[in-house]
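*Asks:*
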Amino acid sequence: MSARRTTGTAMAEALAANGADLAFGIPGTHNLELYRGMAASGIRHVVTRHEQGAGYAADGYARVTGRPGLVVTTSGPGLMNAMAAMGTAYADSVPLLVLSPGVPTGLERADYGWLHEMKDQRAAADAAVARSVRPGTPAQAVDAVHETFARWAAERPRPVHIEVPLDVLEAPWDGEVPGPWRAPHPPAPSRAAVTEALGLLSRAAAPVIVAGGGALGAAAPLRAVAEALGAPVVTTTAGKGVLDEDHPLAVGPFPGFAAARGLMEDADVLLVVGSELGDAELPERLAPRGAVIRIDLDPAQLHKNLRAALPVHADAREALTALAAGLAGPAGTERAAEGERRAAGTRAGCLEQAAEQGGRWREVQDALRAELPGDVVVVGDSSQVSYLGTAPFWPFSAPRRYLAPVGYSTLGYALPAAIGARLAEPARPVVALLGDGAFMFSAQELVTGAELGLPLPVMILDNHGFGEIRQNMLDRDIAPYAVDLARPDFAALAQAMGCHGVRVTDAAGAAKQAAAALTAARPTVIIWEVGS
1 MSARRTTGTA MAEALAANGA DLAFGIPGTH NLELYRGMAA SGIRHVVTRH
51 EQGAGYAADG YARVTGRPGL VVTTSGPGLM NAMAAMGTAY ADSVPLLVLS
101 PGVPTGLERA DYGWLHEMKD QRAAADAAVA RSVRPGTPAQ AVDAVHETFA
151 RWAAERPRPV HIEVPLDVLE APWDGEVPGP WRAPHPPAPS RAAVTEALGL
201 LSRAAAPVIV AGGGALGAAA PLRAVAEALG APVVTTTAGK GVLDEDHPLA
251 VGPFPGFAAA RGLMEDADVL LVVGSELGDA ELPERLAPRG AVIRIDLDPA
301 QLHKNLRAAL PVHADAREAL TALAAGLAGP AGTERAAEGE RRAAGTRAGC
351 LEQAAEQGGR WREVQDALRA ELPGDVVVVG DSSQVSYLGT APFWPFSAPR
401 RYLAPVGYST LGYALPAAIG ARLAEPARPV VALLGDGAFM FSAQELVTGA
451 ELGLPLPVMI LDNHGFGEIR QNMLDRDIAP YAVDLARPDF AALAQAMGCH
501 GVRVTDAAGA AKQAAAALTA ARPTVIIWEV GS
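Residue numbers for the sequence shown follow full-length UniProt numbering, so the first one is 1 and each next one is one higher.
#1: Could you check what DSSP says for residue 293 in three-state terms: helix, strand or coil?
#2: Can you give me the Cβ contacts of residue 530 inside the same chain, cut-off strictly under 7 Å, excluding the 5 residues immediately before and after it?
#3: For residue 445, which residues from the same chain have a beta carbon less than 7 Å from its beta carbon, with the 5 sequence-adjacent residues on both sides left out?
#4: How close, in whole Å, do the beta carbons of residue 208 and residue 242 come, if the pair is a contact with beta carbons under 8 Å?
#5: I need the straight-line Cα distance from residue 123 to residue 79, nearest angstrom please.
#6: Between the alpha carbons of residue 317 and residue 44, how many angstroms are there, rounded?
#7: Please say whether residue 278 and residue 305 have beta carbons closer to each other than 8 Å?
#8: Three-state secondary structure (DSSP) at residue 320?
#9: Please report how far the alpha carbon of residue 148 lies from the alpha carbon of residue 34, in whole angstroms.
#10: Which residue comes first and which comes last in the beta strand (DSSP E) that contains residue 102?
#11: Would residue 83 and residue 128 be called neighbours here (beta carbons separated by less than 8 Å)?
#12: Are the CB atoms of residue 120 and residue 109 within a distance shorter than 8 Å?
#13: Enumerate, from N- to C-terminal direction, the unbroken alpha helix (DSSP H) stretches of 4 or more residues contained entirely within the segment 53-85.
#14: Report all residues from its chain with a CB closer than 7 Å to the CB of residue 411; omit the five preceding and five following residues, and keep chain order.
#15: Unbroken beta strand (DSSP E) runs of length 3 or more, entirely within the segment 184-211: which are they?
#16: For residue 487, which residues of its own chain have a beta-carbon under 6 Å away from its beta-carbon, when the five flanking residues on both sides are left out?
#17: For residue 303, is the classification buried or exposed, using 16 other Cβ atoms within 10 angstroms of its Cβ as the cut-off for buried?
#18: Distance, Cα to Cα, residue 471 vs residue 201?
#19: What did DSSP end up calling residue 388 once you bin it into helix, strand or coil?
#20: Taking the CB atoms as reference points, tell me whether residue 376 and residue 447 lie closer together than 8 Å.
#21: Which class does residue 112 belong to by DSSP, given the choice of helix, strand or coil?
#22: Have a look at the DSSP bridge pairing and note the partners of residue 402.
#23: From which residue to which residue does the alpha helix (DSSP H) around residue 439 run?
#24: Residue 20 to residue 69, Cα distance in whole Å?
#25: Given residue 320, which residues of its chain have a CB within under 8 Å of its CB, disregarding the five upstream and five downstream residues?
#26: Quick one: Cα of residue 393 to Cα of residue 405, how far?
#27: Is the number of C-beta pairs between the segment 84-96 and the segment 55-63 that are closer than 8 Å three or more?
#28: Considering only their Cβ atoms, is the gap separating residue 102 from residue 163 smaller than 8 Å?
#29: Could you give the distance in angstroms between the alpha-carbon of residue 514 and the alpha-carbon of residue 397?
#30: Specify the secondary structure class of residue 412 as computed by DSSP and reduced to three states.
#31: Please state the DSSP three-state secondary structure of residue 313.
#32: Just to confirm, are residue 433 and residue 465 a CB contact at a threshold of 8 Å?
#33: How many angstroms separate the CA atom of residue 231 from the CA atom of residue 65?
#34: Give me the residue from 156, 480, 166 and 524 with the minimum Cα distance to residue 496.
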């Protein structure tokens, strides 16, 4: 093929130089130059069947690895199709780089009738990402790639969109592509902040730790601090597994549950690490009686939803490592036992409440845990089986093992995100676990999984529609309306898309089929009709 080099070629080389090795997307009329140098740069590309699926697959890749996911769309409808995934990544602090072309220079807001034209595509994208940039020259386009990766090293990891004007994208590129920018070190806490925090924590009689998604990279120092203080650890769903959930100080992902709320509000020092304490899991704001220490990479979060007595702007790993070094090692026997007693009592209370809210979803979690490998990654959706089932009832020993759309709470996440997770770590088993309503939002990605030959169990708990919304209507004394859905023959649909499709009648059968699916040469859709 032609040896022609363009801005698109240079951008592909810049992406590879920054460690990008896998992209998800769909080629289109306007983004072809982004593909010119992709294969030669060593970047594998996976074609999804919808740009929303590309975004969710990249999200799954990013959540499992901790590395940025890469999405390539065409302009206009292609980019807009990816917006739900961009919003999901923004809400849950997932680093995605979304690349798209834009109208040629000088045609911004021109209403010219250009193919795929929007009044202001960049502004639309900007509503769902940390920032959307439109470089004006080839050099600026390459710099935009380098800047994005460099800033992720020291900023809250959120999606970024780069819109390259078509004339810039297609412009010839001569010479070498500049190498990556040197990334800054993550912010460390000030000595004064560490000293003050150590003073508060060392004097605390009943400390509690809350760990969110911002603590995912700090599992070891988090455990050290918890053990030094004898402090129970409550996680958010995003932080699930950052402390082994079988650890005696682990409460679990229950910040909105009554028992955990009581524990947090009764603490004489509440240490919050990497969590926005948002409405999705804490619809009512906390009112703790003690001092609040908040550690966050994002300075805008340090007083949001809960004012901090001591705000610490720092990377969670840096801050917790400093605190662990300043504490006197594991707590004494009596203090440790008291912390473990508080954690166990709180955990029991939360599990009791979880059983009242969603006990019907526990059986399948227990059955799957018994049959699947211990290092399995479970990918959920905005489905009851996920947030009422997997989140409370499936304990994980490490972070990045449970993926779900928490803040944006989108439907259609599980299947494409599971594909991304499976590609990210081919040796690690992955299972998608979702409801029938969520499945239909991204069912077309079964073809993607089949094309890739992925051994992926996709378990559908079929409750005949939008079960949560049906219940919400009943709770408001509204007769259920528009929530009971006609469904296809899911097994036949799976087979038509090149996958296996099987029906089961109980949790044990579902789990055995899921285990068998991990050795298949294509996805297996497992349908268990559980009723409304």
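Each residue gets a CB set at the ideal place from its N, CA and C atoms; glycine is no exception.
*Replies:* Per the coordinate set shown:
#1: Walking along the sequence shown from the start, residue 293 turns up at place 293. It is a strand residue.
#2: Counting from one through the sequence shown, the residue named residue 530 turns up at place 530. So the list reads 461, 462 and 463, once near-sequence residues are dropped.
#3: Start at 1 with the first residue of the sequence shown, and residue 445 comes out as number 445. Cβ neighbours of residue 445 beyond the five flanking positions: 48, 49, 53, 415, 416 and 419.
#4: As a working mapping, residue 208 is identified with position 208 in the sequence shown. As a working mapping, residue 242 is identified with position 242 in the sequence shown. Going by Cβ atoms, the distance from residue 208 to residue 242 rounds to 15 Å, so no, they are not a contact pair.
#5: Numbered from 1 along the sequence shown, position 123 holds the residue referred to as residue 123. Numbered from 1 along the sequence shown, position 79 holds the residue referred to as residue 79. Roughly 12 Å separates the two Cα atoms.
#6: Start at 1 with the first residue of the sequence shown, and residue 317 comes out as number 317. Start at 1 with the first residue of the sequence shown, and residue 44 comes out as number 44. Approximately 31 Å between the Cα atoms of the pair.
#7: Position 305 of the sequence shown, counting from 1, holds the residue named residue 305. Position 278 of the sequence shown, counting from 1, holds the residue named residue 278. Contact: yes.
#8: By one-based count along the sequence shown, residue 320 stands at place 320. Residue 320 falls in the helix class under three-state DSSP.
#9: As a position in the sequence shown, residue 148 is number 148, starting the count at 1. As a position in the sequence shown, residue 34 is number 34, starting the count at 1. The straight-line gap from Cα to Cα measures roughly 17 Å.
#10: What you label residue 102 is simply residue 102 of the sequence shown in a count that begins at 1. Element bounds for residue 102: 96-102.
#11: In the sequence shown, residue 83 corresponds to position 83, counting from 1. In the sequence shown, residue 128 corresponds to position 128, counting from 1. Contact flag set, yes.
#12: Residue 109 sits at position 109 when you count from the first residue of the sequence shown. Residue 120 sits at position 120 when you count from the first residue of the sequence shown. A contact, by the Cβ cut-off of 8 Å.
#13: 77-81
#14: The residue you call residue 411 lines up with position 411 of the sequence shown. For residue 411, where only same-chain residues beyond five positions count, the Cβ hits under 7 Å are 381, 382, 437, 438 and 441.
#15: 207-211
#16: Locating residue 487 in the sequence shown gives position 487, where the first residue counts as 1. Within the same chain, residue 487 has close Cβ partners 436.
#17: Translated into the one-based positions of the sequence shown, residue 303 becomes position 303. Exposed is the call here.
#18: Position 471 of the sequence shown holds residue 471. Position 201 of the sequence shown holds residue 201. Using only the alpha carbons, I get a separation of about 43 Å.
#19: Taking the first residue of the sequence shown as position 1, residue 388 is located at position 388. If DSSP states are grouped into helix, strand and coil, residue 388 belongs with the helices.
#20: In the sequence shown, the residue the question calls residue 376 occupies position 376. In the sequence shown, the residue the question calls residue 447 occupies position 447. No.
#21: Numbered from 1 along the sequence shown, position 112 holds the residue referred to as residue 112. DSSP places residue 112 in coil when its eight states are reduced to three.
#22: By 1-based counting over the sequence shown, the position of residue 402 is 402. Note: residue 402 sits in a beta bridge opposite 378.
#23: Working through the sequence shown from its first residue, we reach residue 439 at position 439. It spans 436-439 - the alpha helix (DSSP H) in which residue 439 sits, taken as one unbroken run.
#24: On the sequence shown, residue 20 is found 20 positions in, with the first residue counted as 1. On the sequence shown, residue 69 is found 69 positions in, with the first residue counted as 1. Going from the Cα of residue 20 to the Cα of residue 69 covers about 8 Å.
#25: Here residue 320 refers to the residue found at position 320 of the sequence shown. Here the set comprises 215, 218, 221, 222, 224, 225, 273 and 295.
#26: Working through the sequence shown from its first residue, we reach residue 393 at position 393. Working through the sequence shown from its first residue, we reach residue 405 at position 405. Whole-angstrom Cα-Cα distance: 17 Å.
#27: yes
#28: Residue numbering aside, residue 163 sits at position 163 when the sequence shown is read from its first letter. Residue numbering aside, residue 102 sits at position 102 when the sequence shown is read from its first letter. Contact: yes.
#29: In the sequence shown, residue 514 corresponds to position 514, counting from 1. In the sequence shown, residue 397 corresponds to position 397, counting from 1. Between residue 514 and residue 397, the C-alpha separation is close to 21 Å.
#30: As a first step, residue 412 is located in the sequence shown; it is residue number 412 there, counting from the start. In the structure shown, residue 412 sits in coil (DSSP, three-state: anything other than H, G, I, E or B).
#31: Sequence index remark: in the sequence shown, residue 313 carries index 313 (1-based). Three-state result, residue 313: strand.
#32: Residue 433 sits at position 433 when you count from the first residue of the sequence shown. Residue 465 sits at position 465 when you count from the first residue of the sequence shown. No; because the gap between Cβ atoms is not below 8 Å, this pair is not in contact.
#33: In the sequence shown, counting from the first residue as 1, residue 231 sits at position 231. In the sequence shown, counting from the first residue as 1, residue 65 sits at position 65. About 29 Å.
#34: Locating residue 496 in the sequence shown gives position 496, counting from the first residue. Comparing Cα positions, the closest option is 524.
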